[in-house]
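Trainee:
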Amino acid sequence: KNEVEQSPQNLTAQEGEFITINCSYSVGISALHWLQQHPGGGIVSLFMLSSGKKKHGRLIATINIQEKHSSLHITASHPRDSAVYICAVPSGGGADGLTFGKGTHLIIQP
Amino acid sequence: DSGVTQTPKHLITATGQRVTLRCSPRSGDLSVYWYQQSLDQGLQFLIQYYNGEERAKGNILERFSAQQFPDLHSELNLSSLELGDSALYFCASAFGLAVNTGELFFGEGSRLTVL
Chain A
338 KNEVEQSPQN
348 LTAQEGEFIT
358 INCSYSVGIS
368 ALHWLQQHPG
378 GGIVSLFMLS
388 SGKKKHGRLI
398 ATINIQEKHS
408 SLHITASHPR
418 DSAVYICAVP
428 SGGGADGLTF
438 GKGTHLIIQP
Chain B
11 DSGVTQTPKH
21 LITATGQRVT
31 LRCSPRSGDL
41 SVYWYQQSLD
51 QGLQFLIQYY
61 NGEERAKGNI
71 LERFSAQQFP
81 DLHSELNLSS
91 LELGDSALYF
101 CASAFGLAVN
111 TGELFFGEGS
121 RLTVL
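Residue numbers (our numbering), protein chains in the order written: chain A, 338 to 447; chain B, 11 to 125.
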């Protein structure tokens, strides 16, 4: 079964700062998901990526399949980016679900 | 709006009771996934259905069961409820069979409180 580690667990930054959230996993995968969970509880899929880099607005996700590592970057951070960011990978072991990291609680202060 | 609808949004019940959570997937999506999010365990995969058939099982208790109907909506049945079953239950849908073939679309979740 895949194990997922995220860091940092908590991050507080000032508006405008460049944010990096890291995700490492134990078993080789074909794709990785980055999710955002708002304080109200809803979950939004940000990226699914299998190689290289993807960009959407101020969000950038990268993945290194060989090193089993992915990063999520936020440029010019804003208070509305405050949320929990969760990395998820296929569980493997015959089950086609996802194994989730514990999430990174991000607070962007004005 | 993800296009995935979950009902009810909130549910309060007592130990030993049975509840049913409902999920309508995004139009055209064939896969439905159920996830449980609790404070101590985080998000956990429970079960997946694809086009009416069960395709994968995760950490789903024997007291829990699910099904997907011909119109592709899904229901998660939780019985003999215990305090520890209090959690947010999410449904997600996708077009493909495997989690690495496309984006997942999540519902807003059903918050279950067992007293």
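The C-beta atom is built at its ideal place from N, Cα and C for all residues, glycine as well.
Which residue comes first and which comes last in the beta strand (DSSP E) that contains B/R36?
Mentor: Taking the first residue of the second sequence as 1, we reach residue 36 of chain B at position 26. Taken as a continuous stretch (DSSP letters only), B/R36 belongs to no beta strand (DSSP E), as it is neither H nor E.
Trainee: For A/H393, is the classification buried or exposed, using 16 other Cβ atoms within 10 angstroms of its Cβ as the cut-off for buried?
Mentor: For the purposes of this step, residue 393 of chain A is taken as the residue at position 56 of the first sequence. A/H393 should be labelled exposed.
Trainee: Return helix, strand or coil for A/P427, following the three-state DSSP convention.
Mentor: Along the first sequence, one-based indexing puts residue 427 of chain A at 90. Strand, per DSSP.
Trainee: Among the residues of its own chain, which have a CB less than 6 angstroms from the CB of A/I444, if the five just before and after it don't count?
Mentor: Taking the first sequence and counting its residues from 1, the one referred to as residue 444 of chain A is at position 107. Only T349, S419 meet the Cβ criterion.
Trainee: Can you pull the chain B residues whose beta carbon is under 8 angstroms from the beta carbon of A/P427, in chain order?
Mentor: Your numbering for residue 427 of chain A matches position 90 in the first sequence. Those are A108, V109, N110, listed as they occur along chain B.
Trainee: Give me, in chain order, the residues of the same chain whose beta-carbon lies closer than 6 angstroms to that of A/N359; leave out the 5 immediate sequence neighbours on both sides.
Mentor: Position 22 of the first sequence holds residue 359 of chain A. For A/N359, where only same-chain residues beyond five positions count, the Cβ hits under 6 angstroms are S344, S408.
Trainee: Give me the subset of the stretch 402-425 of chain A whose CB atoms are less than 9 angstroms from a CB atom of chain B, sorted by chain position.
Mentor: Listed by position, the residues of the stretch 402-425 of chain A near chain B (Cβ gap below 9 angstroms) are I423, A425.
Trainee: Determine which residues of the stretch 39-68 of chain B have a Cβ less than 7 angstroms from any Cβ of chain A, and write them out in chain order.
Mentor: For the stretch 39-68 of chain B, which is checked against every Cβ of chain A, the residues closer than 7 angstroms are Y43, G52, L53, F55, Q58, R65, A66, K67, G68.
Trainee: For a contact meaning CB atoms closer than 9 angstroms, what does B/L114 contact in chain A?
Mentor: The count along the second sequence starts at 1 and reaches residue 114 of chain B at position 104. Residues of chain A passing the Cβ test: H370, L372, I380, S382, M385, A425, L435.
Trainee: Name the DSSP beta bridge partners of A/V364, please?
Mentor: Along the first sequence, read from residue 1 onward, the residue named residue 364 of chain A stands at position 27. BP columns for A/V364 are empty, so no partner.
Trainee: For the beta strand (DSSP E) holding B/G119, just list the boundary residues, first then last.
Mentor: Taking the first residue of the second sequence as 1, we reach residue 119 of chain B at position 109. Note, B/G119: premise wrong, no beta strand (DSSP E); not H, not E.
Trainee: Pair every Cβ in the stretch 114-125 of chain B with every Cβ in the stretch 14-22 of chain B, then say whether three or more of these pairs are closer than 8 angstroms.
Mentor: Judged by Cβ distances under 8 angstroms, the stretch 114-125 of chain B makes contact with the stretch 14-22 of chain B, as three or more pairs qualify.
Trainee: State yes or no: is the C-beta of B/V29 within less than 8 angstroms of the C-beta of B/A102?
Mentor: Numbered from 1 along the second sequence, position 19 holds the residue referred to as residue 29 of chain B. Numbered from 1 along the second sequence, position 92 holds the residue referred to as residue 102 of chain B. No, the Cβ-Cβ distance between B/V29 and B/A102 is not below 8 angstroms.
Trainee: For the candidate residues A/A368, A/N339, A/F437, whose alpha-carbon lies nearest to that of A/K390?
Mentor: In the first sequence, counting from the first residue as 1, residue 390 of chain A sits at position 53. Minimum Cα distance to A/K390 is reached at A/A368.
Trainee: DSSP state of B/G52, grouped into three classes?
Mentor: As a position in the second sequence, residue 52 of chain B is number 42, starting the count at 1. Reduced to three states, the DSSP call for B/G52 is strand.
Trainee: Determine, using beta carbons only, whether A/K439 comes closer than 8 angstroms to chain B.
Mentor: For this step, residue 439 of chain A is matched to residue 102 along the first sequence. Yes - at least one Cβ of chain B is within 8 angstroms of the one on A/K439.
Trainee: Who does A/G389 pair with in a DSSP beta bridge?
Mentor: One-based indexing of the first sequence puts residue 389 of chain A at position 52. Its beta-bridge partners are A/I400.
Trainee: By how many angstroms is the C-alpha of A/I366 removed from the C-alpha of A/N401?
Mentor: As a first step, residue 401 of chain A is located in the first sequence; it is residue number 64 there, counting from the start. As a first step, residue 366 of chain A is located in the first sequence; it is residue number 29 there, counting from the start. If I take the Cα positions, the gap works out to 11 angstroms.
Trainee: Which one of A/A413, A/R417, A/P447, A/T399 has the shortest CA to CA distance from A/C424?
Mentor: Walking along the first sequence from the start, residue 424 of chain A turns up at place 87. Ranking the options by Cα distance to A/C424, first place goes to A/T399.
Trainee: Using a Cβ-Cβ cut-off of less than 8 angstroms, give me the residues of the stretch 85-99 of chain B that come near chain A, in sequence order.
Mentor: Listed by position along the chain: L98.
Trainee: Which chain B residues sit within Cβ distance under 7 angstroms of A/S388?
Mentor: Indexing the first sequence from 1 puts residue 388 of chain A at position 51. Correct list: empty, because the minimum Cβ distance to chain B is about 12 angstroms.
Trainee: Are the CB atoms of A/S382 and B/L114 within a distance shorter than 8 angstroms?
Mentor: As a position in the second sequence, residue 114 of chain B is number 104, starting the count at 1. As a position in the first sequence, residue 382 of chain A is number 45, starting the count at 1. It is a contact, given that the beta carbons lie within the stated cut-off.
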